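A.B. asks: In UniProt numbering, the protein residues as written are 1 to 279. Handing you this structure, nothing more for now.
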Amino acid sequence: MPRVSVLTPIYNTKPEHLCECIESILAQTFTDFEFLILNDSPANIALDEVVARYKDSRIKYIKNTKNLGISETRNKLIHLARGEYLAIFDHDDISVPTRLAQQVEYLDANPAVGVVSGWLEYFGHDTCIWRTPENDFDIKVGLTANCSLAHTAAMMRKSVLIDNNIEYESFYSPAEDYRLWARLMDVTKFHNLQTVLVKYRCFDKNTSVTLANKMEAARTAISLELRNKYPAYYQEYVKYSANGTIFRLRLFGFIPFIKVKNNWVQLFECIPLFKTKWK
Numbered sequence: 001m002p003r004v005s006v007l008t009p010i011y012n013t014k015p016e017h018l019c020e021c022i023e024s025i026l027a028q029t030f031t032d033f034e035f036l037i038l039n040d041s042p043a044n045i046a047l048d049e050v051v052a053r054y055k056d057s058r059i060k061y062i063k064n065t066k067n068l069g070i071s072e073t074r075n076k077l078i079h080l081a082r083g084e085y086l087a088i089f090d091h092d093d094i095s096v097p098t099r100l101a102q103q104v105e106y107l108d109a110n111p112a113v114g115v116v117s118g119w120l121e122y123f124g125h126d127t128c129i130w131r132t133p134e135n136d137f138d139i140k141v142g143l144t145a146n147c148s149l150a151h152t153a154a155m156m157r158k159s160v161l162i163d164n165n166i167e168y169e170s171f172y173s174p175a176e177d178y179r180l181w182a183r184l185m186d187v188t189k190f191h192n193l194q195t196v197l198v199k200y201r202c203f204d205k206n207t208s209v210t211l212a213n214k215m216e217a218a219r220t221a222i223s224l225e226l227r228n229k230y231p232a233y234y235q236e237y238v239k240y241s242a243n244g245t246i247f248r249l250r251l252f253g254f255i256p257f258i259k260v261k262n263n264w265v266q267l268f269e270c271i272p273l274f275k276t277k278w279k
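Structural data, given as structure tokens:
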């Protein structure tokens, strides 16, 4: 059984981007993994050909018979996974070579932590680094207002999800990742490694108004629920947000202003919330 299952849903991905994604996982210094790639665009034969180029037994390629949507596709990957740890990885991003090794080492040494993520380095149309807070308390304070864990860079214990019957919820899509973190707050601890784990690809294309509105509505509903459920965390958020500079540095780091672009919603002037993969 592999220690790690890398979970990558794909949907009409550009072939050249998928190649970079796959190659970044095959180049990992940690090698005890399976790489599950689930295609949710059944009619896209080009993606079959891309994956077939890689003759590596660790790659497991699956294709949905019909489009399920991002949440159900992610849930299917979780149930197919055999690894103790689940590495979330989106189809057009690039993992640094030591990503898996660093995360496995941290989870092995910290059994109380169920989710470990890290920083993102944006490349393409925009360049910057999204620095997320390090410790569990600050991450949970940040979650009452925003997403303070980079989903595409996260590694989770599968047991935390299965034992607590927690999965992605399509009702909250395209904010299903934020909702997942919200549900996990009660049952585990979070940690962000203070280093770049994933290079995130930025696109110069505006998201649709409909998608942006849907995402903002989901984000608002989740954050309001968390503020009511965890008033102590929210009061800490209010305390630090009174001084915007200190708040950004402590909870999210400081990154330059980035325009709303393809599949992104922007909050707090400089903090991106989600990258959605399916419309």
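Every residue gets a Cβ at the ideal spot worked out from N, C-alpha and C, and that includes glycine. None of the values given here were measured: they were computed from a predicted structure.
(1) Excluding the 5 residues flanking S56 on each side, which residues of the same chain have their C-beta closer than 7 Å to its C-beta?
(2) Do you know offhand how far T98's Cα is from P42's?
(3) Please state whether DSSP places F247 in a helix, a strand or coil.
(4) Between the C-alpha atoms of I246 and Y240, what's the straight-line distance to the nearest angstrom?
(5) Buried or exposed: where does F171 fall if 16 or more other Cβ atoms within 10 Å of its Cβ makes it buried?
(6) Alpha carbon to alpha carbon, how far is A182 from H125? Give it in angstroms, no decimals.
(7) Helix, strand or coil for T207, going by three-state DSSP, please let me know.
(8) Given V6, which residues of its chain have a CB within under 6 Å of its CB, disregarding the five upstream and five downstream residues?
(9) Just checking my contact of I10 with L68 at CB under 8 Å: how many whole Å lie between their CB atoms?
(10) Taking the continuous alpha helix (DSSP H) assigned at Y141, which residues delimit it?
(11) Terminal residues of the continuous alpha helix (DSSP H) containing V50?
(12) State the DSSP-derived secondary structure class of L120, mapped to helix, strand or coil.
(13) Roughly how many angstroms lie between the CA atoms of V4 and Y54, to the nearest whole one?
(14) Which residues in the same chain as E121 place their Cβ atom closer than 6 Å to its Cβ, once the five residues preceding and following it in sequence are excluded?
(15) Less than 8 Å between CB atoms is the rule here; does S5 satisfy it with respect to chain D?
(16) Tell me which residues share the same chain as E167 and place their Cβ nearer than 6 Å to its Cβ, disregarding the 5 neighbours each side in the sequence.
(17) Provide the residue span of the beta strand (DSSP E) that contains T73, from first to last.
(18) Could you check how far apart the C-beta atoms of V51 and I59 are, in whole angstroms? I think they sit under 8 Å.
(19) From E134 to E169, what distance separates their C-alpha atoms?
(20) What's the call for T210, buried or exposed, on a 16-neighbour Cβ count within 10 Å?
C.D. replies: Let me lay it out:
(1) Here residue 56 corresponds to residue number 56 of the sequence shown, with the count starting at 1. Correcting the residue identity first, residue 56 is Asp in this sequence and not Ser. Once the five neighbours on either side are set aside, the close Cβ partners of D56 are L26.
(2) Here residue 98 is taken as the residue at index 98 of the sequence shown, counted from 1. Here residue 42 is taken as the residue at index 42 of the sequence shown, counted from 1. If you take the alpha carbons of T98 and P42, they lie about 32 Å apart.
(3) The residue labelled residue 247 in the question sits at position 247 within the sequence shown. Low confidence applies to F247: its pLDDT is 48, below 50, so where it sits in the model is not reliable, and the reading given next is rough at best. Note: F247 maps to helix in three-state DSSP.
(4) Taking the sequence shown and counting its residues from 1, one reaches residue 246 at position 246. Taking the sequence shown and counting its residues from 1, one reaches residue 240 at position 240. Only weak support exists for where I246 lies, its pLDDT of 44 falling under 50; the coordinates are left without a value.
(5) Here residue 171 refers to the residue found at position 171 of the sequence shown. By the 16-neighbour rule on beta-carbons within 10 angstroms, F171 is exposed.
(6) Counting from 1 along the sequence shown, the entry for residue 125 is found at position 125. Counting from 1 along the sequence shown, the entry for residue 182 is found at position 182. For H125 and A182, the distance between alpha carbons rounds to 30 Å.
(7) The count along the sequence shown starts at 1 and reaches residue 207 at position 207. Annotation note: pLDDT 49 at T207 (below 50); position unreliable, coordinate value reported separately. Coil at T207, not helix or strand.
(8) Taking the sequence shown and counting its residues from 1, the one referred to as residue 6 is at position 6. Contacts found: I25, F33, F35, A87 and F89.
(9) Walking along the sequence shown from the start, residue 10 turns up at place 10. Walking along the sequence shown from the start, residue 68 turns up at place 68. With a Cβ gap of about 12 Å, I10 and L68 do not count as contacting.
(10) Taking the sequence shown and counting its residues from 1, the one referred to as residue 141 is at position 141. It is worth fixing the name first, because residue 141 is Val in this sequence and not Tyr. Where V141 is concerned, the enclosing alpha helix (DSSP H) starts and stops at D136 to L143.
(11) The residue labelled residue 50 in the question sits at position 50 within the sequence shown. Its alpha helix (DSSP H) spans residues I45 to A52.
(12) On the sequence shown, position 120 is the one that residue 120 refers to. Note: L120 maps to strand in three-state DSSP.
(13) In the sequence shown, residue 4 corresponds to position 4, counting from 1. In the sequence shown, residue 54 corresponds to position 54, counting from 1. Answer to the nearest angstrom: the Cα atoms are 19 Å apart.
(14) Position 121 of the sequence shown, counted from the first residue, corresponds to residue 121. Only I129, V196 and K199 meet the Cβ criterion.
(15) Included in the structure is just one protein chain, with no chain D present.
(16) Taking the sequence shown and counting its residues from 1, the one referred to as residue 167 is at position 167. So the list reads N75, once near-sequence residues are dropped.
(17) Residue 73 sits at position 73 when you count from the first residue of the sequence shown. Note, T73: premise wrong, no beta strand (DSSP E); alpha helix (DSSP H) at I70 to L80.
(18) Indexing the sequence shown from 1 puts residue 51 at position 51. Indexing the sequence shown from 1 puts residue 59 at position 59. Between I59 and V51 the Cβ distance is about 7 Å, and since that is below 8 Å, they are a contact.
(19) The count along the sequence shown starts at 1 and reaches residue 134 at position 134. The count along the sequence shown starts at 1 and reaches residue 169 at position 169. Straight-line Cα distance between these residues: approximately 26 Å.
(20) To locate residue 210, count along the sequence shown from 1; it is residue 210. Classification for T210: exposed.
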